[in-house]
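Presented below is the structure to which this report refers.
Residue numbers (this note's numbering), protein chains in the order written: chain A, 11 to 273; chain B, 2 to 203.
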């Protein structure tokens, strides 16, 4: 990481006012973030799965499997896969909830939703999946309607995370649970340094080579650094009303899975 | 995370194996049913759920219709002999939930019949497959012969040769006797030398 980047990281984390937010390391007007993030994901949607495999060396599949195993999903459950993108979690949930269950794949970005829908249809998964274009801050669902809500690698792109958590809390049934799978802060200093080097030097180059879009992957690296760390996110979940919140670090804290219940 | 890698590989292996069976295997009776296996050798459960004629492997335990607690060895016995009741009586297996689900999974495993030769031929061709199979048979025969030979030699040694083998005490006794003879020879040598010397002086 450059000096400039290092200096920006701690300073900008809590420096936004009511009308500003982060877009990577940039501070922007809140009203602009949705369209700017949308621009990133419209750009990467078609290469999203390939890039995920390349960037994480395929480990993202194991992180997602871990999320499924931690969800405690049962046949007949109603699941909301928020910021579900290309539908990796939806595919598994769809099989596990069975014909009496329902999975809603929601994403704010139409390009990601289209790629996800095509992929799931190609896999023959059609019966119990609904697709909804939705903003996590203003979920268009009734109160108490889902047993499980997951948001994998999506929360950091949301403009107002507290508002999104409150919105998720509202749509969860009592006894329901939220699982947030998101990049986080590595537990070990050495891993942190290696991760920084990889994120800021190698990742944008892979993005440039494969997806022909280095800037979007630069944003990805910056947005990960600006995302709240494990303890902060846990506190945010508690503040939104979730109970028995906990987190589990995966791959040395590169990713963390947060879990909270609504009672 | 290793758990998830294991589940992923196992899921792939099971579904691939099922797809290679000579006659299509119908999993309809097990649709949306889950068998959870808790093996004493592993510190995590393995749940097998069926959806749309595919087996999903996960660590989800709260959805089990049948839970089987056992060991790898007992699982092998279960697969080959279908001795479910007998194994429960012997306390080698603890089963809770719907026993039919465990029986159906066991029955699928028992009835698997895969034509490996045809499958391999699809990938590498008929002639290489034939040659490879011949080589495989030869290697298997050789290994079986060697195993039999080792077994026969081992029993021959245990039953007959072990009794004829010289024991440690016998070796010690023999060494003592050799030492004694050597000592006696030395004494005789000394005596002969003395007598020879005496004769020379007279």
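Built from N, CA and C at the ideal position, the CB exists for glycine as well.
Taken in chain order, the complete beta strand (DSSP E) segments of 3 or more residues contained in the region 179-256 of chain A are 182-193.
Listed along chain B, the residues sitting closer than 7 Å to residue 76 (chain A) by beta-carbon distance are 2 and 5. Between the region 98-107 of chain A and the region 71-89 of chain A there are three or more C-beta pairs closer than 8 Å, enough to call the two in contact.
Looking from the CA of residue 62 (chain B), the closest CA among B:43, B:137, B:168 and B:50 belongs to B:50.
For a cut-off of 8 Å, the C-beta gap from residue 147 (chain A) to residue 177 (chain A) is around 6 Å, short enough to register as a contact. Residue 204 (chain A) is classed as exposed because its beta carbon has fewer than 16 other beta carbons within 10 Å across all chains shown. Here the C-alpha atom of residue 19 (chain B) lies approximately 46 Å from the C-alpha atom of residue 199 (chain A). Close to residue 63 (chain B), with beta-carbon spacing below 8 Å, are these residues of chain A in chain order: 82 and 84. Counting only residues of its own chain and dropping the five nearest sequence neighbours on each side, residue 258 (chain A) has a CB closer than 6 Å to the CB of 267. Among the residues facing chain B, residue 100 (chain A) is not included, as its CB has no counterpart in that chain under 9 Å away.
Using a Cβ distance threshold of 9 Å, residue 91 (chain A) and residue 71 (chain A) do not count as a contacting pair. About 15 Å separates the CB atoms of residue 78 (chain A) and residue 115 (chain A); that is not less than 8 Å, and the two are not in contact.
Inter-residue distance for residue 170 (chain B) and residue 181 (chain B) is about 16 Å (C-alpha atoms, whole angstroms).
For residue 156 (chain A), the enclosing beta strand (DSSP E) stretches over residues 156-162. Going by DSSP, residue 70 (chain B) is part of the beta strand (DSSP E) stretching over 67-71. What residue 105 (chain A) touches in chain B, judged by beta-carbon distance under 9 Å, is 50, 52, 53, 55 and 57, going in chain order. In the structure shown, the three-state DSSP call for residue 91 (chain A) is strand.
Residue 8 (chain B) belongs to the set of residues whose beta carbon lies under 9 Å from a beta carbon in chain A. Using a CB distance cut-off of 9 Å, residue 33 (chain B) counts as an interface residue toward chain A. A straight line joining the alpha-carbon of residue 152 (chain A) with that of residue 76 (chain A) spans about 28 Å. What residue 60 (chain B) touches in chain A, judged by beta-carbon distance under 7 Å, is 79, going in chain order. When 7 Å is used as the limit between beta carbons, residue 108 (chain A) is near these residues of chain B: 33 and 52, in chain order. Apart from the 5 residues on each side of it in sequence, residue 74 (chain A) sits with its Cβ closer than 8 Å to the Cβ of 98, 99, 102, 162 and 191 in its chain, given in chain order. DSSP places residue 143 (chain A) in no alpha helix (DSSP H) but in the uninterrupted beta strand (DSSP E) bounded by 139-143. By the neighbour-count criterion, in which a residue is buried when 16 or more other Cβ atoms sit within 10 angstroms of its Cβ, residue 156 (chain A) is buried. Across the region 240-261 of chain A, CB contacts with chain B closer than 9 Å involve 260 and 261, in sequence order along the chain. Per the C-alpha coordinates, the member of B:84, B:112, B:147 and B:115 positioned closest to residue 100 (chain B) is B:84. For residue 55 (chain B), the enclosing beta strand (DSSP E) stretches over residues 55-59. In this structure residue 255 (chain A) is not in contact with residue 272 (chain A), their Cβ atoms being roughly 11 Å apart against a cut-off of 8 Å. Check the Cα spacing between residue 92 (chain B) and each of B:78, B:118 and B:71: the tightest is with B:71. In the pairwise beta carbon analysis, the region 216-234 of chain A is classified as not touching the region 26-41 of chain B: fewer than three pairs are separated by under 8 Å. Under a criterion of Cβ atoms nearer than 7 Å, no residue of chain B is adjacent to residue 127 (chain A); the nearest Cβ is some 18 Å distant.
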